[in-house]
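I have placed the structure first, in the form of structure tokens, so that the comments after it can refer back to it.
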Amino acid sequence: MADIDTLAMDVRPEWDEIEDVRSRCRDFLENLHYDVDVLDAISMVSSELVENAVKYGTFPQTPGIIEYRLKVNKTDITIEVKHPVDDTAGKHLNRLDEIVQWIRGYQNPFEVYVKKLKEVSTKSFADDESCLGLVRIAYEGQSILDFYLDRDNTLSVSAIFLK
Amino acid sequence: MGAETTFQNKMLSVEVTESPSDILVQFRGKSVDRDPGEFLTPLLRDTLAKAGARRIVLNFMDLEYMNSSSVTPVIILLNEIKAGTQSIRLVFSKAKKWQELSFSALKVFQTRDGRIEVIGQ
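Residue numbers (my numbering), protein chains in the order written: chain A, 1 to 163; chain B, 164 to 284.
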């Protein structure tokens, strides 16, 4: 195994593309001989991050692109998803910041997940802003979330899975 | 074994089997829709309405994957049942770590009287 192995994909911002990301991520890690639990965790994290990119990204150019990068290092596996946003993304960015900070406030991701489940269980079915996916990345995906917005209004959301 | 009906939504298959004591809802495949509630909510609500005093059993053991949006209709259902008098059992696979993590967290909805159970097999 090299010091770093990378899977890079430019993904069209279409819902049907997400399953391909999951599948290719799994194949990549399987070829590196990771066990099924790691495959399940990382493919779920990848899927949830790309789902958010499709939902909340803005793509002024056609075709738009979501950049997906998976890097396998000696100590961790990092997934990074980048996509453009515009000035209408303020609410989403605030929510993202809120959730990431909230997750970081807890030592045990299980507690965060249970709190979020209870909160979501009382909402309406139409509520699209549950942010359960991000909490799932932290708990079930055992990953540390981070994000930044660059000057070109490109949002980068990353998840680091410590091996 | 009673009447059996299979509902298909893209990569997700849901088989509903009725018996005098239970309604078994078996999930297979993957739930990856953007709005899985469109398919799952009416199905789960209909099952709840038909069940009456019978126990509902949601079996996820053969489910390969579900996105977080798919969890929402299930936990809303659990909350509705918690507020009522009906019974439900969720069954997940302990052999699949993702299911162990995801579904064991749902034990927070279990009731002391056993009306709501979340069981790993």
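We put the CB at the ideal spot given by N, CA and C, even for glycine. From a predicted model like this one, the values you see are computed outputs, not experimental measurements.
C-beta atoms of residue i and residue j nearer than 7 Å
i         : j         : result
Ile103(A) : Ile77(A)  : no
Thr204(B) : Val188(B) : no
Leu206(B) : Phe170(B) : yes
Ile79(A)  : Val54(A)  : no
Ile4(A)   : Lys91(A)  : no
Leu145(A) : Val100(A) : yes
Phe190(B) : Leu241(B) : no
Ala214(B) : Ile239(B) : no
Val195(B) : Asn230(B) : yes
Cut-off 6 Å between Cβ atoms - residues of its own chain near residue i, not counting five sequence neighbours on either side
i         : result
Glu167(B) : Thr180
Ala8(A)   : Arg69
Leu162(A) : Asp76
Residues near residue i in its chain [Cβ-Cβ closer than 7 Å; skip 5 each side]
i         : result
Lys270(B) : Val281
Asp10(A)  : Ile65, Glu67
Lys164(A) : Given that chain A is displayed from residue 1 to residue 163, the structure contains no residue 164(A) and the question cannot be resolved.
Val38(A)  : Leu29
Arg22(A)  : Ser43, Ser46, Ser47
Ser143(A) : Val45, Ile137, Ala159, Ile160, Phe161
Val120(A) : Ser130, Leu132
Neighbourhood of residue i by C-beta, 8 Å cutoff - its chain only, sequence neighbours within 5 removed
i         : result
Glu263(B) : Phe255, Ser256, Lys257, Gly283
Val112(A) : Trp102, Ile103, Tyr106, Val135, Ala138, Tyr139
Supposed close pair residue i, residue j - CB separation, criterion 8 Å
i         : j         : result
Leu132(A) : Lys116(A) : 6 Å
Phe202(B) : Phe266(B) : So it is not a contact: roughly 20 Å between Cβ atoms.
Gly200(B) : Thr235(B) : 6 Å
Arg116(B) : Ile251(B) : What is shown of chain B runs 164 to 284, which leaves residue 116(B) out entirely.
Ala246(B) : Phe110(A) : Wrong, their Cβ atoms sit about 25 Å apart, outside the cutoff.
Ala89(A)  : Thr58(A)  : 7 Å
Are three or more beta carbon pairs between the region 81-98 of chain A and the region 148-160 of chain A nearer than 8 Å? yes
Along the region 54-71 of chain A, where does the CB come closer than 9 Å to a CB of chain B? Name the residues. Val54, Lys55
Could you list the residues in the region 183-207 of chain B with a C-beta less than 7 Å from some C-beta on chain A, going in chain order? Val195, Arg197, Gly200, Thr204
Output, in sequence order along the chain, the residues in the region 213-231 of chain B whose CB is closer than 8 Å to any CB in chain A. Tyr228, Asn230, Ser231
For the region 233-261 of chain B, list every residue whose C-beta sits within 8 Å of some C-beta in chain A, in sequence order. Val234, Thr235, Pro236, Ile238, Ile239, Leu241, Asn242, Lys259, Lys260, Trp261
Could you name the residues of the region 264-275 of chain B whose beta carbon sits closer than 8 Å to any beta carbon of chain A, in the order they occur along the chain? Leu264, Ser265, Ala268, Leu269, Val271, Phe272
Pull out every residue of the region 108-123 of chain A whose Cβ sits closer than 8 Å to any Cβ of chain B, in chain order. Phe110, Tyr113, Val114, Leu117, Lys118, Val120, Ser121, Thr122, Lys123
Chain-ordered residues of the region 41-52 of chain A with a beta carbon less than 9 Å from chain B: Ala41, Ser43, Met44, Ser47, Glu48, Glu51
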